[in-house]
Each structure stands twice: as structure tokens, then as C-alpha cells.
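Written below as C-alpha cells is the structure these notes are about.
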Amino acid sequence: GQQLNQSPQSMFIQEGEDVSMNCTSSSIFNTWLWYKQDPGEGPVLLIALYKAGELTSNGRLTAQFGITRKDSFLNISASIPSDVGIYFCAGLTRGGADGLTFGKGTHLIIQP
Amino acid sequence: GAGVSQSPRYKVAKRGQDVALRCDPISGHVSLFWYQQALGQGPEFLTYFQNEAQLDKSGLPSDRFFAERPEGSVSTLKIQRTQQEDSAVYLCASSRRDSSYNEQFFGPGTRLTVL
Numbered sequence: 065g066q067q068l069n070q071s072p073q074s075m076f077i078q079e080g081e082d083v084s085m086n087c088t089s090s091s092i093f094n095t096w097l098w099y100k101q102d103p104g105e106g107p108v109l110l111i112a113l114y115k116a117g118e119l120t121s122n123g124r125l126t127a128q129f130g131i132t133r134k135d136s137f138l139n140i141s142a143s144i145p146s147d148v149g150i151y152f153c154a155g156l157t158r159g160g161a162d163g164l165t166f167g168k169g170t171h172l173i174i175q176p
Numbered sequence: 010g011a012g013v014s015q016s017p018r019y020k021v022a023k024r025g026q027d028v029a030l031r032c033d034p035i036s037g038h039v040s041l042f043w044y045q046q047a048l049g050q051g052p053e054f055l056t057y058f059q060n061e062a063q064l065d066k067s068g069l070p071s072d073r074f075f076a077e078r079p080e081g082s083v084s085t086l087k088i089q090r091t092q093q094e095d096s097a098v099y100l101c102a103s104s105r106r107d108s109s110y111n112e113q114f115f116g117p118g119t120r121l122t123v124l
């Protein structure tokens, strides 16, 4: 099935560094969502974006909904060990009656 | 309950067996979704319910896959005559009906291994 282009695939960073990841699509989405998934668990919602150009923060996380509605980015500032995990972007084309289209994920690894 | 729950958490089946996976959505959530997540991939949409009505089943990979939500709450995903390629994590998600709020909240998933 269709998936979003998410990059980078993996990131190796030092604790305290800032992180940036993004998603692009050839299709327009009306909603962008960012999730984090830990091993053996389901994805946990981090940030939801509903309007083109919207910039939303949740603690150390900041995400933006691209103006073209075909892209989104997620930034994490001052990374800490518990930020380790897989981050997924997901898009919705219609309203609530819609299955999410997911990216392949960005695996964040924090080096000691 | 406070979150989406799924059972069993792990299921091992022999090829050809039928399996049934259960999902309990967040109380009051009208919409329910099933996804399949292969190893190292993002989840892929299988099917969607609004209350008891299955409004979209376009993602079901074959007619061996069947989902139901007879009373508009608990849902069951059934896979008949399982094949090795069915091995994956099956995720359930629920959301509010209001189309302005599209956040889907996920359960922990059921990891299915077909031998």
C-alpha cells in the first residue's frame, strides 16, 4: 500500500542534541499526525496538525504542517535517553472516516 | 477502560489454523480501525468501523480476513486458514466521531506468528 516518504531512516545522536525528521508525500493530506512506538507497544500519539502552515509544540517536541499539505517535520530539542524509539508520521486525506497512511519510521538511537 | 486494549498480546498459529484477535476501544469512541504492521514497517490500514457499520475494508489483503463489530464496541479480526505471510503485529485504534478531531489512539497490538 501507499506509504509516506519518511527520513532519515535512522539517527544516531548524542544525548542533549536536537533532532529533526520529516515526511513527504506526492498526495495532499488534511491532517498530519506524529507517533512514537516503543518495542512491543502500539504507536503513541505525540502531535496532531490540522491546518496547512500550522506549527505546534508539545514540550520539547515541535511539528509543522507544510504549506503545500504534502509534508511535515518533527523536531525534538535537547534529546534525553527516553526519546529512543521509532517515530512515525501519518497522514489523513479525509475526515474521521479514514485510515491513516504511515511513513516507514525514523529509528532514533541515542549514543552514550 | 482508559485506553485501547487488545488480546491476546501474542498468538502462535500453525499454518492453516483460524485465529481471532480482539480489540476493546476507548469507551465512547465511535470509530475503530485495524492495521497490520510487518517487521520494520509502518502500520498499514486494513479496515474501519463507525459504530457497528464496516465502512471501509479496502485494506484487507484477502477474503481470508474478516472483521466484525456487532454491537458497535468490541471488535474481532478473524483470519482463516492462516499463512506464513500473515505473521505481523495487528494493531487496533479508536477515535472520536467528531471529524475535526482525527487523532487515532492505538492499542498495544497482537503479535501473530504463523509457523
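Line order of the protein sequences matches chains W and Z.
If you read the first sequence in the numbering used here, its first letter stands for residue 65, the second for the next number, and so on.
If you read the second sequence in the numbering used here, its first letter stands for residue 10, the second for the next number, and so on.
Backbone N, C-alpha and C define an ideal beta-carbon position, used for all residues, glycine too.
Note that the coordinates shown come from a computational prediction; the quantities given were computed from them, not determined experimentally.
Chain W within 8 Å of F114(Z), Cβ atoms only:
yes
Of the listed residues I88(Z), F115(Z), F114(Z), nearest to V28(Z) (C-alpha basis)
I88(Z)
Which ranges would you report for the alpha helix (DSSP H) in the segment 86 to 169 of chain W if only whole runs of at least 4 residues count?
none
With a threshold of 16 other CB atoms inside 10 Å of the CB of I92(W), please say whether the residue is buried or exposed.
exposed
Cβ-Cβ separation, I174(W) to P188(W) (assumed contact under 8 Å), whole Å
Residue 188(W) lies beyond the range of chain W shown here (65 to 176); nothing can be said about it.
Along chain W, in chain order, which residues have C-beta atoms closer than 9 Å to that of L100(Z)?
G106, P107
Taking the beta strand (DSSP E) that L55(Z) belongs to, which residues open and close that run?
53 to 59
Have a look at M85(W) and G12(Z) and give me their C-alpha separation to the nearest angstrom.
28 Å
Distance, Q26(Z) Cα to Y19(Z) Cα:
15 Å
Run through chain Z and tell me which residues come within less than 9 Å of K168(W), C-beta to C-beta.
G49, Q50, G51
Strictly below 7 Å CB to CB, what residues from chain W border F42(Z)?
G163
Need the endpoints of the beta strand (DSSP E) that I88(Z) sits in, please.
84 to 88
Sort S82(Z), T122(Z), D95(Z), R31(Z) by Cα distance to S104(Z) and report the nearest one.
S82(Z)
For F54(Z), return the contacting residues in chain W, with the cut-off set at a CB-CB distance below 9 Å.
G65, D162, G163, L164, T165, F166
Note down, in chain order, every chain Z residue with its Cβ under 9 Å from the Cβ of A116(W).
In chain order: nothing, as chain Z lies at least about 15 Å away.
Name the DSSP beta bridge partners of E112(Z), please?
BP columns for E112(Z) are empty, so no partner.
With DSSP as the reference, identify every bridge partner of R31(Z), one or two as the case may be.
S16(Z), T85(Z)
Return the chain-ordered list of same chain residues with a C-beta closer than 6 Å to the C-beta of K66(Z), the five sequence neighbours on each side being excluded.
T56
Keeping to the same chain, check which residues put their C-beta closer than 7 Å to that of V148(W); ignore five residues upstream and five downstream.
L172, I173, I174
Which residue from L97(W), Y114(W), G117(W), E118(W) puts its Cα closest to that of V108(W)?
L97(W)
Got a sec, what are the start and stop residues for the beta strand (DSSP E) R120(Z) sits in?
119 to 123
Coil, strand or helix - E94(Z) by DSSP:
helix
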